Amino acid sequence: MMAYRSPHVGLLLLLLVGAAPALAASLQVVDAIDGTPLAGAVVEVHHPGSYLPRSDNDIIQRDATFIPHVSLVPAGSRVSFPNRDTTRHHVFSFSPAKPFELELYLQETPPPLAFDRAGVVVLGCNIHDHMRAFLVVSDAPTAAMTDADGRVSLADLPPGTHALRVWHPRLEDTHQMWWEGTIDAEESRSVALELRATQTAPSEPSALQKRFREALEDRASE
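Per this note's numbering, the very first residue in the sequence shown carries number 195; after that it's consecutive.
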């Protein structure tokens, strides 16, 4: 006698096969010279899937420093640049992903900017040469930054091998280059980066910087 088999069983099996569980990989990013873990490295995994949702973010100016030093936002996100100092700042970028300029301001935070194009945006202040920060705009479905131990967990990856990209501010001088490789959905691996960026020599002040400093000196002499 042939055993009865419900037609729903076959359908259930197909659903279970089609709904393969998402997997997680892990990665550590280190300095190729001495193995020091690299915090603040941006890791992208490109695979079929939805883009990360847009978000609203702040990059604060405090003690003549951009905080945080490295930010990661999904493409289409908005970013504000509040000034928490008692001196004015002039925030700008010449990076291809988002050239912009926020002229001298103090507490009156300019409207947020939309960052629609993926890429690395190098931030500077036209008044304070030493101020520099990095905004990484990502269009990858999986993107994260390494922690203090240089580690990141890459959850919800679909099965298979996927394109992997890693960026760090000290990777090279233009700040636009990425390390590229692959990672499997359940792989635990490390990436050793050769940090080739050179120390930037102090540059001549811009015309705006000269005018601003002269105004400060005139005010102090009054």
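We treat Cβ as the ideally placed atom computed from N, Cα and C, and that holds for glycine.
Owing to the predicted nature of the structure, the values given are computational and were not obtained by experimental measurement.
Where Phe328 falls: helix, strand or coil (DSSP): For the purposes of this step, residue 328 is identified with residue 134 of the sequence shown, where counting begins at 1. DSSP places Phe328 in strand when its eight states are reduced to three.
Own chain partners of Ala327 with C-beta closer than 6 Å, once the 5 adjacent residues on each side are dropped: On the sequence shown, position 133 is the one that residue 327 refers to. Result list for Ala327: Phe260, His263, Leu317, in chain order.
Backbone secondary structure at Gly243 - three-state DSSP: The residue labelled residue 243 in the question sits at position 49 within the sequence shown. Coil, per DSSP.
Three-state secondary structure (DSSP) of Asp350: In the sequence shown, residue 350 corresponds to position 156, counting from 1. The answer is strand: DSSP assigns Asp350 an E or B state.
Identity of the residue in Glu388, His356, His362 nearest Ala219 by Cα: Position 25 of the sequence shown holds residue 219. Nearest option by C-alpha distance: His356.
Met371 to Trp361 span [Cα, whole Å]: Counting from one through the sequence shown, the residue named residue 371 turns up at place 177. Counting from one through the sequence shown, the residue named residue 361 turns up at place 167. Rounded to whole angstroms, Met371 to Trp361 spans 7 Å at the Cα level.
Boundaries (first-last residue) of the beta strand (DSSP E) holding Ala357: Reading the sequence shown from its first residue, position 163 is the one you call residue 357. 355-361 is the span of the beta strand (DSSP E), which, as asked, contains Ala357.
Thr281 to Phe275 span [Cα, whole Å]: For the purposes of this step, residue 281 is taken as residue 87 along the sequence shown, with counting starting at 1. For the purposes of this step, residue 275 is taken as residue 81 along the sequence shown, with counting starting at 1. Cα to Cα, Thr281 sits roughly 14 Å from Phe275.
Residues near Ala338 by beta carbon distance below 6 Å, same chain, minus five either side: For the purposes of this step, residue 338 is identified with residue 144 of the sequence shown, where counting begins at 1. Within the same chain, Ala338 has close Cβ partners Val237, Val346.
Residue of Gly243, Glu297, Glu380 minimising C-alpha distance to Asn320: For the purposes of this step, residue 320 is identified with residue 126 of the sequence shown, where counting begins at 1. Check the Cα spacing between Asn320 and each of Gly243, Glu297, Glu380: the tightest is with Glu297.
Contacting residues, own chain, Cβ-Cβ under 6 Å from Arg364 (five flanking each side not counted): As a first step, residue 364 is located in the sequence shown; it is residue number 170 there, counting from the start. Closer than 6 Å at Cβ, skipping near neighbours: Leu389, Ala391.
Integer Cβ distance of Val314 from Ser289, believed to fall under 8 Å: Taking the first residue of the sequence shown as position 1, residue 314 is located at position 120. Taking the first residue of the sequence shown as position 1, residue 289 is located at position 95. Confirmed, Cβ separation roughly 6 Å.
Reduced DSSP secondary structure (H/G/I, E/B, other) of Arg256: Translated into the one-based positions of the sequence shown, residue 256 becomes position 62. In this structure, Arg256 counts as strand in the three-state DSSP scheme.
Below-8 Å beta-carbon distance, Thr280 vs any chain B residue: Given the protein chain composition of this structure (a single chain), no chain B is represented.
Which residues DSSP lists as bridging Ile227, in chain order: Within the sequence shown, the letter at position 33 stands for residue 227. The partner list for Ile227 (beta bridge, DSSP) is empty, contrary to what the question assumes.
Arg383: first and last residue of the uninterrupted beta strand (DSSP E) it sits in: Translated into positions along the sequence shown, residue 383 becomes position 189. Segment 382-387, the beta strand (DSSP E) holding Arg383.
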